[in-house]
Amino acid sequence: QHLSLTKPETRLYDVEASGQSDPGVGPAAFCGVGLTVGLLGVAAGTFFLIKGNECS
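FYI, in my numbering the residues of the sequence shown are 1358 to 1413.
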């Protein structure tokens, strides 16, 4: 305890997690689409890098 407190300042929080336990398929789908677009971008960039080096 702190010396200047007249009574303890302990707080207990009760949180209901029933609404947050099942996030659904949205975040997983968003992650999958993002990874797919990122990998396609890397593949396209590699393709154009190789194609550009062959022309010059």
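The beta-carbon is built from N, C-alpha and C at its ideal position, and this holds for glycine as well.
Every value quoted in this text rests on a predicted model; they were computed, and no experiment measured them.
Coil, strand or helix - residue i by DSSP
i, result
"Thr1367", "coil"
"Val1382", "coil"
"Glu1373", "coil"
"Leu1397", "helix"
Beta-carbon proximity list for residue i, same chain, < 6 Å, skipping 5 on both sides
i, result
"Val1382", "none"
Straight-line Cα distance separating residue j from residue i
i, j, result
"Arg1368", "Ala1386", "39 Å"
"Leu1406", "Val1399", "10 Å"
"Leu1360", "Val1390", "56 Å"
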